[in-house]
Every structure is written in structure tokens, then in C-alpha cells.
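A quick write-up on the structure given underneath.
Protein chains: 2
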Amino acid sequence: MQNFVFVNPVKIIFGRNTLAKLGPEAAGAGKKALLVYGGGSIKKNGVYEAVTAALKKAGVAVAEHPGVKPNPVLSHVRAGVEKARAEGCDLVVAAGGGSVIDEAKAIAAGALYRGDVWDFFCGKAQIKGALPLFTALTLPATGSEMNSGCVITNEEKAQKYSTHSQHLFPRASVLDPETTFTLPREQAANGAVDAIAHLIESYFTTADRDVEVTDELVHGLARSVIAATGRILRDPKDYDARASMMWSATLALNGLGGCGYGGTSFPNHAIEHSLSAIYDIAHGAGLAIVMPAWFKRHLASAGPARLEKFGRAVFGVKTAEEAIKSFEAFFRQAGAPVRLAEAGIPAADIPRIADNAMGLIRMWGMKMEKAEVEEILRLAA
Amino acid sequence: MQNFVFVNPVKIIFGRNTLAKLGPEAAGAGKKALLVYGGGSIKKNGVYEAVTAALKKAGVAVAEHPGVKPNPVLSHVRAGVEKARAEGCDLVVAAGGGSVIDEAKAIAAGALYRGDVWDFFCGKAQIKGALPLFTALTLPATGSEMNSGCVITNEEKAQKYSTHSQHLFPRASVLDPETTFTLPREQAANGAVDAIAHLIESYFTTADRDVEVTDELVHGLARSVIAATGRILRDPKDYDARASMMWSATLALNGLGGCGYGGTSFPNHAIEHSLSAIYDIAHGAGLAIVMPAWFKRHLASAGPARLEKFGRAVFGVKTAEEAIKSFEAFFRQAGAPVRLAEAGIPAADIPRIADNAMGLIRMWGMKMEKAEVEEILRLAA
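Protein sequences appear in the order of chains A and B.
Quick note: the first sequence uses our numbering, first residue 5, plus one each step.
Quick note: the second sequence uses our numbering, first residue 5, plus one each step.
Written as C-alpha cells, this is what we have:
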């Protein structure tokens, strides 16, 4: 077991009819919120009304920044930073999924920074502060509601890059599973794939193989995501399954899943970010394509032991090959594509995708050559 | 799944040679520490030297409050409060196990309170603030290093009572598994029993039976504690087993293990506290005596479903009866007593113990009659 530091100060308010609690939380931090949200699904499912009513009741004024895209883009972040400044906002409220929360984090940091917010993503500057952030989560997937990272796409450069800072932890996040009852099946599936991806990255990439307690947490959360997905596919209004999925996805990337492994590496994410950056496909869909291929490469280079352990504990299968097939079967069952062609991405683009991925791989300081990325992409073709 | 709020801001610094990191953490919070510790084992295992050197190097002055007992007593807490005031301490550092940390918490709160510190435990007053607290943990068991509760024994009244407050969360806790290499076998065993006790209380006492994600965490942590105990008994210097135990015991009572169950009730702890309060036996030993008896009563009143689920997941057995036997076998293997007589407690004392327990049961607002407590104690005879 390797040394680690764990700290996560986010207050989680979880359950039915909890959106009203955002009001008092936000009022403790400021007087005017920039309310960040996406394409308007929160206006259909009641979240917009509940959040604005809660803020109003607590005496918090609101300026709105709607229109966040899946794979949130830099130009829209910059517009949000300008709006937060022009409106004199002293806090940020995100209502939506991981994309909305990630953009809200970037805006919260950008609003207190004199330079261009992209500086935080390309490594030019460190985040020294951010406006207080509160979130109402509507899509279990990224874990952004309980971590300190965010991912933004620079659409001019086709770069999907990330940044981290203790200042980006939300002060409080409200998780009401009922807000996910109306999620399109595809989005629910992509969220489940994303949560699994977060669980497997450090589990499979780090050298330390004797971290029993964290292995147990990873196995348990993976089983919980898979069980909840099956129930949600059968009945989208199964509250306990939605709740289990929401809390599992949050715990899958709040820092606990990496404790003791000795650093976390994100090869699947690095490759997937290139797919999203170039083709604007959903993050979860891209991950479902990359992971089975990455596992095949991992099996060839690292041997079967780790895949066998995960496969036994999570899927109840014996061999590494069966474990990889089980991952694929789960992604397919959830409704995600598992090959490049299924997402309309031509194999001829592989060198270009690998070129793009190398930017991020170098940024993240990972030891991975372009030839290896291309090999993985060919296995995904 | 029931609504819940989860927040835990404690910074955990985990691993080999991490005690030196206490210095800069403490220096950020104050200039003079009250160093709270126990009977002197930290002087034998190097922890005292490492902690005082770290504080000195960081420019933090130290006043000492040694002599904390297992089942820390009120008179010693009061003396600590006076010492903290007389010495002008502006922070508290605990170096030891859960008893030391609990006493340090009580002193940290008492130092900022004009009345008697026992007011916090008997329900007379709420904690409104506390000196910043830092801990160096040397005995995995209570989880106090990452939670906001503490337990103190009023030796005049033979009352072992607890209090909770957000102000009691340590700012940072340093967990170096190597400091546990020299733990007496008995203490290691009692710690393992305590961790298991924390995992089972809410798992078995709450009504909500569809909280798959938390069930998975509880099962996983229980398996991890049991596996680590076996390895430690074979080789006390098995670093990875010591580390897995230390992190498991911390996670077993940091709030995660109860999320979604809808409130946690502590019947085993309520009864055990009376055993400790009257006979001054180790908390873990008392729990090993109470739990099998409580499970038998639980099986009779609540049915086998929950015990079967836990037994299948953790012990690999099928029936509720086998699950109870597996708990007992684990406690015995660890070296703990599992009957009152094995701890020298006469069955004739049962009414007196039950009387004492009822004080705490009423304090904690639990629905439990004296006849039920007596029945459990008879099952433990």
C-alpha cells in the first residue's frame, strides 16, 4: 500500500425533495449567483423551478448562464466568466450533469483570474482561488459534484483538457435521485460507463497490488453500478436503483477509489478525450469504445492477474478474457457503442486521433507512446 | 434508500514516515499545542519523538498532558482543560489511539467553554466551538481520527457517554501503519472487533433494506478488516495488512457506512458502554461479548434475511445461525472474549448492567426496554 493524502470537504445533501436546501447553503456564501445550466432539460423536469425558487427564498439573486454543451467548450466558459463579472456574481450554482458542473468550476476560477481561463488547462497558470460553487446534480456519471477537477474542450484547438484545484471543490452538492427519472436511456448508459471507467483507471494502472481495502471499495462500487444499471433499464422510476447509481457514481471519483494505489493514471480517459474533442461524441460512449481495447493491450503487457481478480469479484468469471468480454457485454447491455465504427469513426482516422491524444498524455505526464495509442485504437476498430 | 447528509472535512495523511507532516499542518492553526497522550507506549515506539520533533521544527511550542486511560475519564479531561488554559494552548495534538483522540476532542471543546465539559455529554450544552485538533493515530479501531464524536467516562457516576459536533472533526490526522507494528496482540484484536461493530450497527438496525451501494461498502470493509486481522496474527510486521486494517477501521466510522440507511442506532455500543463503565474492560472486548448475543436477539425479532445477506457476502456462509457463529469464531480467533464469564463478569450483575445501559439508551433516544437488554445480557452469559 502506497502513501496517500485524502481530503474531500464537499457537503453532500442526498435524497428526495432536497433541492430546496440549496438556498440556505448558497445564502451562506454570497448574494448573487451565476446559475449555470445546459440545454433546458432542467426546465422540463422541475429542477430549474426548484433551484431558482430555493435561491429566491433564501434572498440570493440570480443571473443566468444557460446553454452549456455536453463536452463544454471554452468559448462558452469565457462568456460565463464575463457574465459573472458583469453581473457582480459572488457565487456560482450549477444545475445539471458533469458538463454543467465542470463549466461552472471553470467559470468560478476564471472569474477571479486576470488572464485567460484556458491558462489553467494548458498548464500556464495555477488556480489560486474561485467563487464558491454549489451544485444540483441531475446525471450520475462524472463525480464532478464531489471532486476538485474539471474538463473543458478548446474547440478551436480540438483539445479536451482538464485542471484540478482544492478551490474547485463544491461547497455543497444536492443529489436528488428523482431528478434522474427522466434521463434519456443513452445518457443513463453513458453515465454508468463513465463511473466504471473512473473505478478501473487506477485499479489497473498502478503497480501496487496489495491494497485490499481499496480493491474492496472498487469492486463494491462497480457491482453496485452494474446492478443499478440493470434495474434502471427494467424500470426507469426505480428510486432505490437511481439512488444507488447516483451515490455510487459520486463515490467512484471522489478520491476514495485511488487511496493506496500510488497515483492514478488515466490512459482510457486520455484516449477518449481525443474522440470527444474531434468527433464531439459523448464521453461515456467514447470510454465504452476505448476500454475493451485498452484491456486487451493491458492483458498482453501486464498479464492476467488483475483482470482475473476484478472479473471474479465483479462479474463472477474466472479468466481475464472472460472479464474483458463481461465489460463489453455490460457496455452493450447499457446501450453504449463498443467499437469505433459503431460511433461512425473511421479506422483511417486512427493516426490523427493518436496525435491528438499524445498532447494530453504529455500534459498528464503519462508514459505512453503514440504507437501504443494507435495499437489500442486498432483494437477498438 | 433514505435521505442523508454526508460531510467529512478531515485531511488524512497516510503512510510510512508521515508523522513529520504533522508539524506544518499544526503550525497553520496555532502557536502552542497541548500534546495529549496515554501511558507512554508512544515513547517506546518513536511516535513521541517524531511528533514533538515535527512540532518543534514547525515552530509550535508544546505543553504535555500524558496519562490518558483506555476508557478516558472525566477527571483527566477536566485536568486537560485546565492545563490547556493555564498554558495558553491554541491547538491540541493527540498522539495515540481512540481513547487519546476522544479525550483530546473533549479538551479541545472544553477549553473554549465556561461551564463544565461534562455538560456536552449529559445533554446540558451543545458544543459551539473547539480548539483546532490534529491527531497521530497509533491504534486502528474507533475511527475517531476521522469523525466528529467522542466518548468519555464519568467515573464518579459510572456513565460512559458520548457527544458529537462538527467542531470536533480533526483538521488533519496522520496515519502511519508502522506505528502499529508493536501493538499488543490484545489491543489489535479489540481494534478489529470495534471496527466490525461500527460496520454492523446501522447495517442491522435500520429499516431500509434497499441500499445496495452502502451494503457493498459495509461488506467490503468488513472483509478487509477480517482478512487483515488474519495476516496480522500471522505476521505483526506485515505492512500492507497493517495499512489495510488502519484505513478500513478509519472508513468504518467516518460516516460513509451509514449513508442511506436512515439513521444509525448503536444498541451494541449502548450495552457495551455499561460494561466498560462498570468493569473498565476494553471497549473491543465488551463488544465481542455483546454482539453475538445481540445477533441472536435480532434473529429472533427481525428474522434471518439481513444476517443471511451479511453472512453470504462476508463469511461465505448460508444461514443466519452460521453467520452468528462466524462472528463469534472471528472474535475468538482475534483473541477477544465472547461471553461475560470470559471477562470475569458475573451473570448476577445483569440487572445492574441493564440499569446502567438504560441511561444511555434514553440519552440516545433509542427504542429499547430494560427487559430486552437483560435478555441480550443473559444470551451473553
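C-beta atoms are modelled at their ideal positions from N, C-alpha and C, and glycine is treated no differently.
For residue i, which option in the options has the closest C-alpha, if you only look at C-alpha atoms?
i               : options                        : result
H202 of chain A : A:L291, A:V217, A:S278         : A:L291
E160 of chain A : A:T184, A:Q6, A:L78            : A:L78
G153 of chain A : A:A110, A:N272, A:H287, A:E29  : A:A110
L179 of chain B : B:G84, B:F270, B:K25, B:G348   : B:K25
A324 of chain B : B:V104, B:K128, B:G262, B:F208 : B:F208
G133 of chain B : B:T218, B:I357, B:F173, B:V64  : B:F173
R175 of chain B : A:M372, A:N12, A:E379          : A:N12
Q6 of chain B   : B:A58, B:Y265, B:I354          : B:Y265
G84 of chain B  : B:D120, B:K313, B:Q170, B:A58  : B:D120
M367 of chain A : A:I275, A:F18, A:E91, A:E205   : A:I275
G348 of chain B : B:K329, B:A385, B:M370         : B:A385
E398 of chain B : B:E68, B:G100, B:A99, B:A98    : In the structure as shown, chain B begins at 5 and stops at 385. Residue 398 of chain B is therefore absent and cannot be evaluated.
R235 of chain A : A:A140, A:V104, A:R189         : A:R189
I204 of chain A : A:F270, A:H80, A:A286          : A:F270
R343 of chain A : A:A358, A:A297, A:N75          : A:A297
E182 of chain A : A:A340, A:T22, A:A375          : A:T22
S148 of chain B : B:A317, B:S177, B:M249         : B:S177
Y165 of chain B : B:S280, B:A33, B:A30           : B:S280
F125 of chain B : B:D353, B:S169, B:T142         : B:S169
I230 of chain A : A:Y243, A:A193, A:G369         : A:A193
Q163 of chain B : B:P136, B:L135, B:G127         : B:G127
K371 of chain B : B:D106, B:T210, B:K313, B:Q191 : B:T210
Listing by chain order, which chain A residues have their CB less than 9 Å from the CB of residue i?
i               : result
H223 of chain B : E220, G224
E160 of chain B : Neighbours of E160 of chain B on chain A: none; closest Cβ ~39 Å, over 9 Å.
S252 of chain B : E216, V217, E220
S330 of chain B : Here the premise fails: no neighbours, minimum Cβ distance about 18 Å.
A232 of chain B : E216, V217
Between residue i and residue j, is the Cβ-Cβ spacing less than 8 Å?
i               : j               : result
G315 of chain B : E326 of chain B : yes
I16 of chain A  : F10 of chain B  : yes
G102 of chain B : T157 of chain B : no
N258 of chain A : N360 of chain A : no
E216 of chain B : L225 of chain A : no
R82 of chain B  : A115 of chain B : no
A196 of chain A : A338 of chain A : yes
E378 of chain B : P355 of chain B : yes
A253 of chain A : A199 of chain A : yes
S206 of chain B : T268 of chain B : yes
Y41 of chain B  : V66 of chain B  : no
L95 of chain B  : A58 of chain B  : no
A99 of chain B  : V155 of chain B : no
G19 of chain A  : V64 of chain A  : no
H223 of chain A : A317 of chain A : yes
N75 of chain B  : H287 of chain B : yes
I131 of chain B : A108 of chain B : no
A30 of chain B  : A62 of chain B  : yes
P144 of chain A : M250 of chain A : yes
L364 of chain B : H277 of chain B : yes
T142 of chain A : V51 of chain A  : yes
Would you mind telling me which residues of chain A sit closer than 8 Å to residue i, beta carbon to beta carbon, in chain order?
i               : result
M372 of chain B : Going along chain A, no residue has its Cβ under 8 Å from M372 of chain B, so there is no contact; the nearest lies around 27 Å.
A347 of chain B : Chain A residues near A347 of chain B: none, gap ~30 Å exceeds 8 Å.
How would you list, in chain order, the residues of chain B whose beta-carbon sits under 7 Å from the beta-carbon of residue i?
i               : result
R227 of chain A : E220
G133 of chain A : The contacting residues do not exist; G133 of chain A stays about 17 Å from chain B at best.
S206 of chain A : Near S206 of chain A there are no residues of chain B at all, since even the closest Cβ is about 15 Å away, more than 7 Å.
Cβ closer than 8 Å: which chain B residues qualify as neighbours of residue i?
i               : result
F10 of chain A  : K15, I16, F18
S45 of chain A  : Within 8 Å Cβ-Cβ: nothing; S45 of chain A doesn't reach chain B, min ~23 Å.
D244 of chain A : M5, D214, V215, E216
A58 of chain A  : None at all; the shortest Cβ gap to chain B is about 16 Å.
Quick one: list the residues of chain A neighbouring residue i, beta-carbon separation under 7 Å, in chain order.
i               : result
D239 of chain B : What D239 of chain B touches in chain A: nothing, since even the nearest Cβ is about 13 Å away.
N7 of chain B   : F18, G19, R20, T22
Counting only Cβ pairs nearer than 9 Å, list the residues of chain B close to residue i.
i              : result
A62 of chain A : Those do not exist, as A62 of chain A stays about 17 Å from chain B at its closest Cβ, beyond 9 Å.
- prompt: Listed from N- to C-terminal order along the chain, which residues in the stretch 301 to 328 of chain B have their beta-carbon within a distance smaller than 8 Å of any beta-carbon of chain C?
  reply: Judged by its chain identifiers, the structure shown contains no chain C, and its protein chains are A and B.
- prompt: Which runs of the alpha helix (DSSP H) fall wholly inside the stretch 298 to 363 of chain A and span at least 4 residues, in chain order?
  reply: 309 to 314, 324 to 338
task: Below 9 Å between beta carbons is the criterion; list the residues of the stretch 16 to 40 of chain B that meet it against any residue of chain A, in chain order.
output: Only those residues of the stretch 16 to 40 of chain B whose C-beta falls short of 9 Å from the nearest C-beta of chain A are listed: I16, I17, F18, G19, R20, N21, T22, K25.
field: alpha helix (DSSP H) runs contained entirely in the stretch 121 to 202 of chain A, provided each spans 4 or more residues
entry: Fully enclosed alpha helix (DSSP H) runs of 4 or longer: 123 to 126.
Residues within the stretch 167 to 201 of chain B neighbouring chain A, beta-carbon criterion of under 7 Å: none
query: Which residues, in chain order, does the stretch 261 to 289 of chain B contribute to contact with chain A at a C-beta distance below 9 Å?
result: Against chain A - using a Cβ distance shorter than 9 Å - the residues of the stretch 261 to 289 of chain B are C263, G264.
query: If you scan the stretch 32 to 73 of chain B from start to end, which runs of the alpha helix (DSSP H) of 4 or more residues do you find wholly inside it?
result: 45 to 48, 51 to 61
query: Mind listing which residues of the stretch 120 to 152 of chain A have their C-beta closer than 8 Å to chain B's C-betas, in chain order?
result: Going along the stretch 120 to 152 of chain A in chain order, one finds no residue with a Cβ nearer than 8 Å to chain B.
message: Tell me which residues of the stretch 65 to 79 of chain B have at least one Cβ-Cβ distance to chain A shorter than 9 Å, keeping chain order.
response: none
task: Starting from the N-terminal side, write out each stretch of the alpha helix (DSSP H) that is 4 residues or longer and does not extend beyond the stretch 232 to 300 of chain A.
output: 243 to 255, 271 to 283
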